[in-house]
Amino acid sequence: MNYKKLEFNVREKDVKLNDKLRYSAILDFFQDIASIQANEAGIGFKEVVKKNFYWILLYVSFEVKKNLPEFGEAINVITWPKEKGRIEYEREYEIRNKNDEILITGISNWCLIDINTRSIRRAEIDYVGEMYPFTNYNEKCPHKLNLVEHDVIKEFNYKVLKTDLDHNMHMNNARYLDIIYNMDVDDAKDYKKVDIAFIHEARLNEIITIKYFKEGNYKCFIGYVNNERCFEVKIEYEE
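As numbered in my numbering, residues 2 to 240 make up the sequence shown, in order.
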């Protein structure tokens with residue numbers, strides 16, 4: 002069965018100043034368990050590299066259903082892939098507490114790129130094992146948020162560091178939420194829902210210019226590299 006469940010403890014490096022789980026750490030947990038389960042299903046990093054491909058993340062969304070886990074708390078992180086599309090591979094996630102209550106749900110959308118051209122390609126890569134039939138998300142992930150920049154409240158520049166990179170040699174997906182956290186546009190309210198679209202990769206020493214504005218009750222961010230849109234983030238806060 003293509004379903005993976007692992008127990009983790011929330012460590013000091015995973016939390017914000019208030020000792021609650023940092024939002025980028027949610028993506029770290031998602032990435033960790035997705036990598037482990039993909040390896041077990043025969044489609045992990047080493048296997049696709051042999052076929053001249055890299056996995057890249059196009060889109061990820063998560064919703065906080067209950068209180069965020071805190072420092073020292075034991076959590077169960079769960080993942081399973083959905084039926085693959087023509088080019089895209091969707092994957093779902095849950096984070097549960099020790100009482101098996103759902104704290105966070107999430108979904109991500111992946112594709113394969115050619116190592117040499119860095120372009121998206123269709124590949125004959127199949128999961129090993131039976132698919133898990135449950136879903137929290139009936140609709141397919143979008144590719145972009147298509148945010149329209151207006152009335153920019155704050156602009157922030159960030160230089161991509163070596164510690165930001167993953168094994169694809171571009172900025173790790175979770176680090177984008179760290180940039181937003183460091184923009185200091187947060188308030189006391191916790192995030193309720195986060196949507197991130199990854200449009201163009203950011204590489205070592207490149208400068209990402211992030212522009213923050215509001216759209217109704219949402220906080221929105223668009224990142225640019227060399228005036229080309231790199232990523233989009235839309236955040237809904239608790240009332």
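Note that the Cβ used here is the ideal one computed from N, Cα and C, for glycine as well.
Asked: Is leucine 59 helix, strand or coil when you go by DSSP?; Found: strand
Asked: With phenylalanine 222 as the anchor, note down where its beta strand (DSSP E) starts and where it stops.; Found: 219-226
Asked: Which residues bound the beta strand (DSSP E) around glutamate 8?; Found: 5-10
Asked: If I measure Cβ to Cβ from leucine 205 and keep anything under 7 Å in the same chain, skipping five residues before and after, which residues do I get?; Found: Val161, Lys163 and Leu166
Asked: Which whole-angstrom value is the C-beta distance of isoleucine 37 and tyrosine 128, which I expect to be below 8 Å?; Found: About 14 Å separates the two Cβ atoms, so there is no contact after all.
Asked: Using the Cα positions of asparagine 3 and isoleucine 223, report the straight-line distance between them to the nearest angstrom.; Found: 35 Å
Asked: What are the start and end residues of each continuous beta strand (DSSP E) run of 3 or more residues lying completely inside the segment 130-189, in chain order?; Found: 155-160
Asked: What residues in its chain sit with their C-beta under 8 Å from that of leucine 22, if we drop five residues either side in the sequence?; Found: Val11, Asp15, Val16, Leu69, Pro70 and Glu71
Asked: Work out the CA separation of arginine 123 and isoleucine 105 for me, nearest whole Å.; Found: 31 Å
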